[in-house]
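J.: Okay, handing you the structure first.
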Amino acid sequence: MTDPLAVWVGAIVTLGVFSYLARDNPFYRLIQQAAMGVVVGIQIVVTWKQVLQPMWLSPIQGALAGTRDWTGALWLLALVPGSLWYFQLSKKWFWVSTLVSGLFVGVAAGLAFKFRILLILPQIGASLKPLNPFAGPNGFTWEGFLDSSNNLLFLAALLTTLLYFFFSVKTENRWVRTPMRWGRLMIMVALGAMFGNTVMTRMSYLIERMQFLYEMWLRPLFPG
Amino acid sequence: MQHADWLMAALMFAMAAAILGCLWRARRGHVPYVRRIAGVAEIERAVERATEMGRPVVFAMGFTDIQAIETHASLLILAHVARLAARLQTPLIVLARPGNVYPVAEETVRQAYVAEGVPDHFDAKEQVRFLSEDSAVYGMAVARLIEETRAGCALFFGAFEFASLLMTEPGARIGVLQIAGDPSLWQMPFFVCTCDKTIMGEEYYAAGAYVSPDPALRGVLVSQDIIKAMFAGLILLGVLAALLPGGAASWFVELLRHYR
């Protein structure tokens, strides 16, 4: 059974957010700023309860009290690089923070290098689609021809989109400019599909809110 | 632990060689050609328009931490915008989300004002603001600030999450000139709908290198082109190998396909 107070708060907040569709108003602003405050509050609690306390403080406390493995005390060492970040707040000692931020940038760049290869190689493998309509087990078929045409379109879209993102190539040449335009068109088609997909997701959120307003809030108010 | 096989190792070696080679050439004074990116020229026009209107320029940074490459590219663009704003004496408000990006953003803007010879015009408290670590709160606060300051232009550069529409929709509604750059394509449809210009995918990194006075960054950009050409070449070779009669080069096709 849902708490009626929670339902009323939910309904008022939902209507307050929807009121923005008419125009910006103080009620919407109140809800917006209340949401900001609530989220910040939740974030502080979550950071403490789910990260700092269980992952950092508890192992240290356990190790010092002798109830857990001594290696938990090693987490104290995390204070050293962690505290270096706070030197960002000092203009004089700012450079100290660059030691730790430099280390993080280096690690991130190294990992990005590795992940890029791991991301791209499977995509290259997946791009090798059959283009020959005569190569099927039954020779030439209409379905095989359509599949090959589809794969050819895919390959053209892939290569022209890649070409669009070449920046050191002069675009005055017609042989470069035309495929680049085709690549841009392909990107727009992909973005349109992604946008449509996301609009559908947002519509499902809207339907869920409408269902909430009708079934949880309005129907109990007017049971007849 | 899974180790790289010979093809992966060769590709990583080739990528590293391309980056180091282009950096070396750029450092020796060979500044490579980089084509003009439409959105970058539009940034300058947007700042000039805000100056003419007597309204502030709002620059919202992305959601990534200081160690992310996306953040460093957005800092390069921020430095460019800050130099323009300092030169034109246009109020600039920078909004940073991760706590560790905030002081770096402040320092970037300060250096831009110093470089333009107007360090006294920089007001750290008013101009560089930390809003929140949370995406939704940050998005709402950016939107509210754009509405309340009636910004002359709003620039969004970085990797954004679902809050992209939340941030840009109010500005689009009240007619603020907005330009967004995001290396990820997931938020791009929303930026395309609500912003006047967008800088998408790899254009985002290219924009950072394009506006930076450091020739080494242009060198890196060329190395990225070489790496892309390398991968495009692998795809073409794979497709051609698959078309060869009798499966003459099927080992090559299978080699590439086994990563799927």
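Line order of the protein sequences matches chains E and L. Sequential numbering of the first sequence, starting at 1, is according to my numbering. Sequential numbering of the second sequence, starting at 225, is according to my numbering. Yeah, the Cβ is synthetic: ideal placement off N, Cα and C, and Gly gets one too. Model, not experiment: these values are computed from the prediction.
Measuring alpha carbon to alpha carbon, tell me which of K170(E), L185(E), M216(E) ends up nearest A157(E).
T.: Looking at the Cα atoms, L185(E) is the closest of the given residues.
J.: Unbroken beta strand (DSSP E) runs of length 3 or more, entirely within the stretch 131-176 of chain E: which are they?
T.: The stretch 131-176 of chain E contains no whole beta strand (DSSP E) run of 3 or more residues.
J.: Short of 7 Å in beta carbon distance, which residues of its chain neighbour S272(E), apart from the five on each side in sequence? Order them along the chain.
T.: Residue 272(E) is absent from the structure shown; chain E starts at 1 and stops at 224.
J.: Measure the beta-carbon distance from P437(L) to V255(L) and round it to whole angstroms, keeping in mind my assumption that it falls under 8 Å.
T.: That pair is no contact at about 11 Å.
J.: Name the DSSP bridge partner or partners of I403(L)?
T.: In DSSP, I403(L) forms a bridge with L379(L), K421(L).
J.: Just to confirm, are A303(L) and L316(L) a CB contact at a threshold of 8 Å?
T.: Taking 8 Å as the Cβ cut-off, A303(L) and L316(L) do not qualify as a contacting pair.
J.: If you run the structure through DSSP and keep just helix, strand and coil, what is I194(L)?
T.: Shown here, chain L extends from 225 to 484; a query on residue 194(L) therefore has no answer.
J.: Please report whether the beta-carbon of R452(L) lies at a distance below 8 Å from any beta-carbon of chain E.
T.: Per the sequence presented here, residue 452(L) reads as Lys, with Arg not at that position. For K452(L), the answer is yes, since a Cβ of chain E falls inside 8 Å of its Cβ.
J.: The beta strand (DSSP E) spanning M285(L) covers which residue range?
T.: Taken as a continuous stretch (DSSP letters only), the beta strand (DSSP E) holding M285(L) covers 281-285.
J.: With which residues is I317(L) paired in a DSSP beta bridge?
T.: Its beta-bridge partners are V282(L).
J.: With a cut-off of 8 Å on the beta carbons, I'd call I261(L) and I423(L) a contact; round off their distance for me.
T.: Indeed they touch by this definition, with Cβ atoms about 7 Å apart.
J.: In chain L, what lies closer than 7 Å to P130(E) by C-beta?
T.: Here the neighbours are A466.
J.: Evaluate contact between the stretch 364-378 of chain L and the stretch 260-278 of chain L, counting only Cβ atoms and requiring at least three cross-stretch pairs below 8 Å.
T.: These segments touch.
J.: Which residues, in chain order, does the stretch 118-145 of chain E contribute to contact with chain L at a C-beta distance below 9 Å?
T.: If the cut-off is 9 Å between Cβ atoms, the stretch 118-145 of chain E has L118, I120, L121, P122, Q123, I124, G125, A126, S127, L128, K129, P130, L131, N132, A135 near chain L.
J.: Report the neighbours of L162(E) on chain L: residues whose CB is nearer than 8 Å to its CB, in chain order.
T.: Residues of chain L passing the Cβ test: K452, F455, A456.
J.: Which whole-angstrom value is the C-beta distance of L355(L) and Y362(L), which I expect to be below 8 Å?
T.: So it is a contact: roughly 5 Å between Cβ atoms.
J.: Does the distance from the CB of I301(L) to the CB of V435(L) come in under 8 Å?
T.: In this structure, V435(L) lies closer than 8 Å to I301(L) by Cβ.
J.: Closest to P485(L) by C-alpha separation, out of V264(L), V333(L), K349(L), R279(L), would be which residue?
T.: There is no way to answer for residue 485(L), as the model of chain L reaches only from 225 to 484.
J.: Mind checking the stretch 266-295 of chain L against chain E and listing, in chain order, the residues whose C-beta falls within less than 8 Å of any C-beta there?
T.: Listed by position along the chain: D289, I290, Q291, A292, I293.
J.: Just to confirm my understanding: we take V366(L), look at its own chain, exclude 5 residues before and 5 after, and list those with CB closer than 6 Å. What are they?
T.: Cβ neighbours of V366(L) beyond the five flanking positions: A284, L319, M391.
J.: Have a look at the DSSP bridge pairing and note the partners of F354(L).
T.: Its beta-bridge partners are A320(L).
J.: Any contact of the stretch 404-420 of chain L with the stretch 204-215 of chain E, i.e. 3+ C-beta pairs under 8 Å?
T.: Because the criterion of three Cβ pairs below 8 Å is not met, the stretch 404-420 of chain L and the stretch 204-215 of chain E do not touch.
J.: Below 8 Å between beta carbons is the criterion; list the residues of the stretch 361-393 of chain L that meet it against any residue of chain E, in chain order.
T.: Listed by position along the chain: V361, M364, A365, R368, E371.
J.: Please check if any C-beta of chain L sits within less than 8 Å of the C-beta of G9(E).
T.: Per the sequence shown, residue 9(E) should be read as Val rather than Gly. No - not a single Cβ of chain L is within 8 Å of the one on V9(E).
J.: Return the first residue and the last residue of the alpha helix (DSSP H) that D449(L) is part of.
T.: 439-467 is the span of the alpha helix (DSSP H), which, as asked, contains D449(L).
J.: What residues from the stretch 84-112 of chain E come within 8 Å of chain L, judged by C-beta to C-beta, listed N to C?
T.: Under the 8 Å Cβ criterion, the stretch 84-112 of chain E contributes W85, Q88, L89, F94, S97, S101, F104, V105, V107, A108, A109, A112.
J.: To the nearest whole angstrom, what separates the beta carbons of S168(E) and V264(L), a pair I think is in contact under 8 Å?
T.: No, S168(E) and V264(L) are not in contact; Cβ-Cβ is about 15 Å, not under 8 Å.
J.: When the Cβ atoms of the stretch 463-482 of chain L are set against those of the stretch 184-202 of chain E, are three or more pairs found closer than 8 Å?
T.: Taking 8 Å as the limit for Cβ pairs, the verdict is that the stretch 184-202 of chain E does not touch the stretch 463-482 of chain L.
J.: Cβ of L202(L) within 8 Å of Cβ of A339(L)?
T.: Past the edges of chain L, shown from 225 to 484, lies residue 202(L), and the structure says nothing about it.
J.: With hydrogens ignored, establish whether the beta-carbon of H227(L) is closer than 7 Å to any heavy atom of the ligand ATP.
T.: In the structure on display, the ligand ATP does not appear, and there are no ligands present to speak of.
J.: Could you please tell me which residues of the stretch 35-59 of chain E, in chain order, have their CB closer than 8 Å to any CB of chain L?
T.: So the close ones are A35, M36, V39, V40, Q43.
J.: Roughly how many angstroms lie between the CA atoms of L79(E) and T71(E), to the nearest whole one?
T.: Computed Cα separation, rounded: 15 Å.
J.: Below 9 Å on C-beta distance, what does F222(E) contact in chain L?
T.: Those within 9 Å of F222(E) in chain L number zero; the least Cβ separation is about 33 Å.
J.: Out of curiosity, what's the CA-to-CA distance linking R252(L) and F455(L)?
T.: When rounded, the distance between both Cα atoms is 27 Å.
J.: Cα separation between K92(E) and G395(L)?
T.: C-alpha separation (whole angstroms): 38 Å.
J.: With 9 Å as the C-beta to C-beta threshold (strictly closer), list the residues of the stretch 163-176 of chain E near chain L in chain order.
T.: Against chain L - using a Cβ distance shorter than 9 Å - the residues of the stretch 163-176 of chain E are L163, Y164, F165, F166, F167, S168, V169, K170, T171.
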